[in-house]
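Residue numbers (the numbering used here): 1 to 94. All residues carry an ideal CB built from backbone N, CA and C; glycine is no exception.
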Amino acid sequence: NYCGIYVAMSVTYCLSGLVACVAFVQLCSHASRHLHNLCLDSVLGAPLGWFESMPSGRIISRFTGDMLAMDIHFGSMFDGVVQMSLSALMLLVV
1 NYCGIYVAMS
11 VTYCLSGLVA
21 CVAFVQLCSH
31 ASRHLHNLCL
41 DSVLGAPLGW
51 FESMPSGRII
61 SRFTGDMLAM
71 DIHFGSMFDG
81 VVQMSLSALM
91 LLVV
């Protein structure tokens, strides 16, 4: 009797984790695209004098550094928060 409840709760936990992962990928992908477009609009909207005074390598390096921070670092931190929240929720349910 209790085994069936345990199996049902385990399946629910796995499915909720799967849904959270899919939602997480979609959310991070959307946020990354949005941030990329904002950064690109800012760079392309800069005055011509800024491009003449700033080396192109520095512009590209800064742009890619910001994208790396959004894609990798923010994603892993947010994933940890989602996983811990699901685990805490399941502990409260049990």
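**Prompt:** To which residues of the same chain is L89 closer than 6 Å at the C-beta, ignoring the five residues directly before and after it?
**Reply:** No residues qualify anywhere along the chain.
**Boundaries (first-last residue) of the alpha helix (DSSP H) holding H30** = Unbroken alpha helix (DSSP H) run through H30: Y2 to L44.
**Prompt:** So D71 is in the alpha helix (DSSP H); what residue range does that whole segment cover?
**Reply:** It is not in any alpha helix (DSSP H) - D71 carries neither H nor E in the DSSP assignment.
**Prompt:** Taking C-alpha atoms, which residue in Y2, L35 and S29 lies nearest to T64?
**Reply:** A check of alpha carbon separations from T64 across Y2, L35 and S29 identifies L35 as the nearest.
**Request:** Please check the pair V82 and A20, which I expect to be a contact at CB under 8 Å, by giving their CB distance rounded to whole angstroms.
**Result:** Their Cβ separation, rounded to whole angstroms, is 5 Å, which keeps V82 and A20 in contact under 8 Å.
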